[in-house]
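Participant:
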Amino acid sequence: MRLLCLLVCLLSGALYAQQPFLRDVWLGESRVPVKVNVLAQDPRGYIMAGTDKGLFRYNGALSKEVPSRIPGAVTALALIDGELWLGYKNGQLGKLVRDSVQPLPFKNYTNTTTVNAIKKAADATVFVATESGLVAVHKGVATTYTTRQGLSDNFVYNLAILPDGRILAGTDMGINDIRFRNGKPEIQVISMAEGLPDNIVRVIRNWPGSDRYWIGTQQRGGALYDMKARRNIAIKPNMPWFFGQVNDVLTLGAGKSLAATDEGYIVEADVHADDSLIARNFYFANRTFNALLRDTSGNIWCGTNTGLGMLSYEYIAGLPLDKPYSLSQVTAICCDRDNMLWIALKNKLYRIDLAGGNSALVPAGAFNDPVSSLYCDASNRLWLGSAGSGVWYKEPGQARFVKVPVTITGEDNILSITGTRSAIWIAGLNGVRELCYPDALGGIAVRHLHNKNTGIGSDYIYQLYADSKDRVWMATDGAGVCMYDGGHYYTWENFKVPGDDVVYSITEDAYGNIWAGTLKKNIYQYSRGLWTNRKQAGSAESNAGLSALQTNATGQVLALFQNRLDLWFPNSNAFRYFSTFSDMDIDSTSDVLNCTTRDKDGNIYLPYEHGILVVKNQASRFSIRPGVSILRVTSNSKDVMPGQDQFKPDDNFISFYFDGISYTNPEKLTYRYRLEGYSNNWIYTNEPVASFPKLPSGQFTFRVQVSLNGNFEAAREAVYSFGIAIPVWRRWWFITLLTLALLAAVLLLIRQRDNRMKRMASLQQDRIRMEYEHLKSQVNPHFLFNSLNTLTNLIEEDAGSAVTYTERLSDLYRNMLAYHDRSLIMLSEELEILSGYLYIQQNRFGKALQVETRLPADLARRKKIAPMALQLLVENAIKHNVVAISSPLIIFITANEEEIVVRNRINPKVNTDRKSGIGLANIRNRYALLTARPVYFMAIETEWVVRLPLL
Numbered sequence: 001m002r003l004l005c006l007l008v009c010l011l012s013g014a015l016y017a018q019q020p021f022l023r024d025v026w027l028g029e030s031r032v033p034v035k036v037n038v039l040a041q042d043p044r045g046y047i048m049a050g051t052d053k054g055l056f057r058y059n060g061a062l063s064k065e066v067p068s069r070i071p072g073a074v075t076a077l078a079l080i081d082g083e084l085w086l087g088y089k090n091g092q093l094g095k096l097v098r099d100s101v102q103p104l105p106f107k108n109y110t111n112t113t114t115v116n117a118i119k120k121a122a123d124a125t126v127f128v129a130t131e132s133g134l135v136a137v138h139k140g141v142a143t144t145y146t147t148r149q150g151l152s153d154n155f156v157y158n159l160a161i162l163p164d165g166r167i168l169a170g171t172d173m174g175i176n177d178i179r180f181r182n183g184k185p186e187i188q189v190i191s192m193a194e195g196l197p198d199n200i201v202r203v204i205r206n207w208p209g210s211d212r213y214w215i216g217t218q219q220r221g222g223a224l225y226d227m228k229a230r231r232n233i234a235i236k237p238n239m240p241w242f243f244g245q246v247n248d249v250l251t252l253g254a255g256k257s258l259a260a261t262d263e264g265y266i267v268e269a270d271v272h273a274d275d276s277l278i279a280r281n282f283y284f285a286n287r288t289f290n291a292l293l294r295d296t297s298g299n300i301w302c303g304t305n306t307g308l309g310m311l312s313y314e315y316i317a318g319l320p321l322d323k324p325y326s327l328s329q330v331t332a333i334c335c336d337r338d339n340m341l342w343i344a345l346k347n348k349l350y351r352i353d354l355a356g357g358n359s360a361l362v363p364a365g366a367f368n369d370p371v372s373s374l375y376c377d378a379s380n381r382l383w384l385g386s387a388g389s390g391v392w393y394k395e396p397g398q399a400r401f402v403k404v405p406v407t408i409t410g411e412d413n414i415l416s417i418t419g420t421r422s423a424i425w426i427a428g429l430n431g432v433r434e435l436c437y438p439d440a441l442g443g444i445a446v447r448h449l450h451n452k453n454t455g456i457g458s459d460y461i462y463q464l465y466a467d468s469k470d471r472v473w474m475a476t477d478g479a480g481v482c483m484y485d486g487g488h489y490y491t492w493e494n495f496k497v498p499g500d501d502v503v504y505s506i507t508e509d510a511y512g513n514i515w516a517g518t519l520k521k522n523i524y525q526y527s528r529g530l531w532t533n534r535k536q537a538g539s540a541e542s543n544a545g546l547s548a549l550q551t552n553a554t555g556q557v558l559a560l561f562q563n564r565l566d567l568w569f570p571n572s573n574a575f576r577y578f579s580t581f582s583d584m585d586i587d588s589t590s591d592v593l594n595c596t597t598r599d600k601d602g603n604i605y606l607p608y609e610h611g612i613l614v615v616k617n618q619a620s621r622f623s624i625r626p627g628v629s630i631l632r633v634t635s636n637s638k639d640v641m642p643g644q645d646q647f648k649p650d651d652n653f654i655s656f657y658f659d660g661i662s663y664t665n666p667e668k669l670t671y672r673y674r675l676e677g678y679s680n681n682w683i684y685t686n687e688p689v690a691s692f693p694k695l696p697s698g699q700f701t702f703r704v705q706v707s708l709n710g711n712f713e714a715a716r717e718a719v720y721s722f723g724i725a726i727p728v729w730r731r732w733w734f735i736t737l738l739t740l741a742l743l744a745a746v747l748l749l750i751r752q753r754d755n756r757m758k759r760m761a762s763l764q765q766d767r768i769r770m771e772y773e774h775l776k777s778q779v780n781p782h783f784l785f786n787s788l789n790t791l792t793n794l795i796e797e798d799a800g801s802a803v804t805y806t807e808r809l810s811d812l813y814r815n816m817l818a819y820h821d822r823s824l825i826m827l828s829e830e831l832e833i834l835s836g837y838l839y840i841q842q843n844r845f846g847k848a849l850q851v852e853t854r855l856p857a858d859l860a861r862r863k864k865i866a867p868m869a870l871q872l873l874v875e876n877a878i879k880h881n882v883v884a885i886s887s888p889l890i891i892f893i894t895a896n897e898e899e900i901v902v903r904n905r906i907n908p909k910v911n912t913d914r915k916s917g918i919g920l921a922n923i924r925n926r927y928a929l930l931t932a933r934p935v936y937f938m939a940i941e942t943e944w945v946v947r948l949p950l951l
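Residue 951, in full-length UniProt numbering, is where the sequence shown stops; the numbers in between run on with no holes.
See below:
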């Protein structure tokens, strides 16, 4: 059994003085401190902070309080099947749905005490740690386990789900190792009696890739728990634990973890393969650390008593230095192969033993002139260049520096020193000297002179750099970059542009790419024979010039400005920026060219206002690529419900509100989006909204991508697919029905036309028949006889009346011939025909025939009637009724706006002409072609009544 002492730190004089930076983030708009109890990163990438004032969401630039239907402090967060669950101090459970917290009501869930942790087991059971027991929720039903079921204490702080299904519960009375069999718990308790340093277990965290679990306690630090052996043994540390209650533990991999305490400490615990432990502590005054989280970009987030904090632990740290250190005095820096850091303050040289953990500046020599360059070769010799006294070197293990017995032209002013396998290279004001390494007797000779005339293109070299292929790269003043491979000089057209022809710094990254920084603050990368300007692709503008490029062992490239650090991440193809505006207490850095170095592990060191900055190797391949999330979708300015992806044809004004998520450079985000199915062209913007009015019907996919630098290669994106329904009038069944209806209408029109043609033909026949009847009447012997007989009598008795009679008879026949081919005539014209007919008949019958006409004054001039209809009706009455002085025939004609009525008393003749019914049928048929209104022929009591529509 392995015994491990956990989280041991010295009371004073920390062995490792590097201190990460802490940047405070205010939650909410009021900038009022709010206690953060728990942290989580949701699937979209947001940092979710559970606080005393509810849930907050943070995207790297802005924080927002998430609306909630549950009041009070959030004390637990957990991702369950991709959804964020919340536990509250009042005992309630909730879930984040879209952008608000909704309650989670479970059957039999009655807890009203603080929820401390939520975990999901492999069988989908969700376990909830509360201050009144352990709650298991399975298929919506809650079961509570307390001391009655075997728990050592009801106060459960934390949970861990083991791979074999067991549950570890940290309580006020040790660890409860629980196995459920047939729904009943089997509990083994591990307490101080079994080796725990403290009975109150507040934190349980898995050590990734192992069977061990970190245990954090209330008063005595912590230990490791071996889940297979189901035992924990804690040994007292060689110094008492004084850092306070452990509130959270963050496991980082490779045996390394961080512990957050309520006394303002972040404690690093590094367990080696031999189970030895190296512990370091970082103290932050006036802080209580409640929670820790590492995001996908490698930032360490801290939930504190004042809000949210970002810890630069994975990226950058500071090594504070006391006097005589002064940033303005630093002229050169170098780290040798024993991790001894050498710092030149003007003409004085100091060293810091990084390997020994001592951050004190130890004097290492003084020179007549300021030290301008430091370099450590492969044999661990330290080379020193001065501004006026030439070159010096020191053999490893020796304290004394030896002056190089070679005169470097330019009054022995040294600008840069580097070394290849076989030579040491020294740049002065008049070119480069290639020297052999010291022989056994200390002899050094000049092998070659490289200058403007030999092929460099300039005599002024700011930096020399020997790459992994033993080539020498030269950053020149006026000739850009020059590379010498032992036989030839190479220059490039990229550096012929004014400003870019002055190169200040050159370095090589872990992938063999060469980097060069210029006077114009452009940063070029040389890969596969091509130079690419990476600054144009994403580096922010600085108001101070570029002073150095340096790389670490994990591929990041540091571009150093006086007021800012740019850190290139190759797997993200982008820079991350650290500046005085990052709120990390990183003030100005040195403006001395190429004043950086690397330790034997590849970490970068550079001077800054308060000491030395350490840009660390990245333990993991962190990506600083930003994320993007679609926050809201609206249709016709109304919010779309979660899960809705189909819209009506009129709901076609769709807007998307999205949000960029970046914890490195949130102010530099750019977006592009497109709506597939509508247009495949990308639209570029800085605004997080996109609108599409009057979309047609169809299926669409909205894509939005985000970038730090305008380079959207491998950019993260958010997607929303939806459809807009086809209008009813464009659907196949509607088109089919409409086509059938149109066909039916056409057929109906054709049929109606045929019927109308038939009726017209019938009417024509009726007209012919009517004309025939009238012709018969004209040639009827009785009518002619009676008319002529009447005329004869008038001639004998009254010649004047005979002439009038003859004229009226002539008018009657003329009108009958004039109107017989018209469908309608004015009522006044019809009355004129009737008047002529009655004149002739009344000359024959005298007072035996009487016609009374009662019509409105102007009706005859506005209404129309079928021609000769009234004449036929009067003629029909004369034919069928007795006309005598003793029994006169009285015909009444009346009318209104709708119809004209003809009636007479029925007094039938003894012998009636049965053929005379053709006239009435002719009238009915003609009206049927003219109007849908009916014609009435009927006997009403003793009268014969005819009703004709007026048109």
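All C-beta atoms, glycine included, are put in the ideal place defined by N, C-alpha and C. Everything numeric in this text was worked out from a predicted model, so none of it was measured.
Are the beta-carbon atoms belonging to L79 and A40 less than 8 Å from one another?
Facilitator: Yes, Cβ-Cβ distance for L79 and A40 is below 8 Å.
Participant: Check the DSSP bridge columns for P320 and list the partner residues they point to.
Facilitator: DSSP, once it has assigned bridges, lists G611 as partnering P320.
Participant: With C-beta atoms as the reference, is R69 less than 8 Å away from V101?
Facilitator: A contact, by the Cβ cut-off of 8 Å.
Participant: Measuring alpha carbon to alpha carbon, tell me which of F401, A744, S828 and Q699 ends up nearest S386.
Facilitator: Closest by alpha carbon: F401.
Participant: Going by beta carbon distance, what residues of the same chain come within less than 6 Å of V901, once the five residues before and after it are set aside?
Facilitator: Within the same chain, V901 has close Cβ partners T894 and R947.
Participant: Count the other CB atoms, across all protein chains shown, that sit within 10 Å of the CB of K323; report buried if there are 16 or more and exposed otherwise.
Facilitator: Result: exposed.
Participant: Since G170 and N158 are thought to touch, with beta carbons under 8 Å apart, how far apart are those beta carbons, to the nearest angstrom?
Facilitator: Sure, about 4 Å apart at Cβ, within 8 Å.
Participant: Return the first residue and the last residue of the beta strand (DSSP E) that R148 is part of.
Facilitator: Element bounds for R148: n/a, residue is neither H nor E.
Participant: In its own chain, which residues sit with a C-beta less than 7 Å from the C-beta of D470, not counting the 5 before and 5 after it?
Facilitator: Excluding sequence neighbours, D470 sits near T420 and R421.
Participant: Should A619 and G253 be called a contact, given that it needs their Cβ atoms to be closer than 8 Å?
Facilitator: In this structure, G253 lies closer than 8 Å to A619 by Cβ.
Participant: Since N247 and G195 should fall inside the 8 Å C-beta cutoff, what is the C-beta to C-beta distance between them, to a whole number of angstroms?
Facilitator: Actually they do not touch by this definition, with Cβ atoms about 22 Å apart.
Participant: Leaving out five residues before and five after G365 in sequence, what residues of the same chain have Cβ atoms less than 7 Å from its Cβ?
Facilitator: Correct list, in chain order: L349 and F401.
Participant: Looking at C-alpha atoms only, which residue of S590, T518, N571 and V615 is the closest neighbour of L558?
Facilitator: Taking only the C-alpha atoms, the option nearest L558 is V615.
Participant: So for T304, helix, strand or coil by DSSP?
Facilitator: In the structure shown, T304 sits in a strand (DSSP, three-state: E or B).
Participant: Which one of V74, K521 and F180 has the shortest CA to CA distance from V503?
Facilitator: Of V74, K521 and F180, the residue nearest in Cα terms is K521.
Participant: Mind checking P696: buried by the 16 CB within 10 Å criterion, or exposed?
Facilitator: By the 10 Å Cβ count, P696 comes out exposed.
Participant: Report the three-state DSSP secondary structure of R528 (helix, strand or coil).
Facilitator: Of the three classes helix, strand and coil, the one that applies to R528 here is coil, per DSSP.
Participant: For the structure I just gave you, are there three or more beta carbon pairs, one from the stretch 628-641 and one from the stretch 649-667, closer than 8 Å?
Facilitator: These segments touch.
Participant: If you check the beta carbons only, do I724 and N652 fall under 8 Å apart?
Facilitator: Their beta carbons are under 8 Å apart, which means I724 touches N652 by this criterion.
Participant: Just checking: is the beta-carbon of V101 within a distance shorter than 8 Å of some beta-carbon in chain B?
Facilitator: The structure shown contains no chain B; it is built from a single protein chain.
Participant: With a threshold of 8 Å, are at least 3 pairs of Cβ atoms found where one atom belongs to the stretch 637-650 and the other to the stretch 664-671?
Facilitator: Short answer: they don't touch.
Participant: Out of P71, K35, L96 and W207, which has the shortest C-alpha to C-alpha gap to P642?
Facilitator: When only C-alpha atoms are compared, the closest one is L96.
Participant: Does the Cβ-Cβ distance between A553 and G602 come in under 8 Å?
Facilitator: For A553 and G602, yes; Cβs fall inside 8 Å.
Participant: Across which residues does DSSP place W568 in a beta bridge pair?
Facilitator: The partner list for W568 (beta bridge, DSSP) reads V557 and F575.
Participant: Would you call the CB atoms of C376 and R433 closer than 8 Å?
Facilitator: Going by C-beta atoms, C376 is not nearer than 8 Å to R433.
Participant: From which residue to which residue does the beta strand (DSSP E) around Q188 run?
Facilitator: That run of the beta strand (DSSP E) goes K184 to I190.
Participant: Taking 7 Å as the limit between beta carbons, can you name the residues of its chain near T664, skipping five residues before and five after?
Facilitator: For T664, where only same-chain residues beyond five positions count, the Cβ hits under 7 Å are S297, R576 and I624.
Participant: Beta-carbon separation of F289 and T306 under 8 Å?
Facilitator: No, the pair does not count as a contact, with Cβ atoms beyond the cut-off.
Participant: Taking contact to mean 3 or more Cβ pairs, one atom from each stretch, closer than 8 Å, check whether the stretch 735-743 and the stretch 715-724 are in contact.
Facilitator: No, the stretch 735-743 is not in contact with the stretch 715-724.
Participant: Please confirm whether G216 and V203 have their CB atoms less than 8 Å apart.
Facilitator: Cβ atoms of G216 and V203: closer than 8 Å.
Participant: Going by DSSP, what residues sit across from I586 in a beta bridge?
Facilitator: Note: I586 sits in no beta bridge, so no partner.
Participant: How big is the Cα-Cα spacing for G480 and C436?
Facilitator: Cα to Cα, G480 sits roughly 27 Å from C436.
Participant: Quick one: Cα of Q188 to Cα of N571, how far?
Facilitator: Those two C-alpha atoms are separated by around 47 Å.
Participant: Once DSSP output is grouped into helix, strand and coil, what is the label at Q841?
Facilitator: Of the three classes helix, strand and coil, the one that applies to Q841 here is helix, per DSSP.
Participant: Could you tell me which of A690, D24 and R731 sits nearest to A718, measuring between CA atoms?
Facilitator: Measuring from the Cα of A718, the nearest candidate turns out to be A690.
Participant: Strictly by DSSP, which residues pair up with S679?
Facilitator: For S679, which the question treats as bridged, DSSP gives the partners L675.
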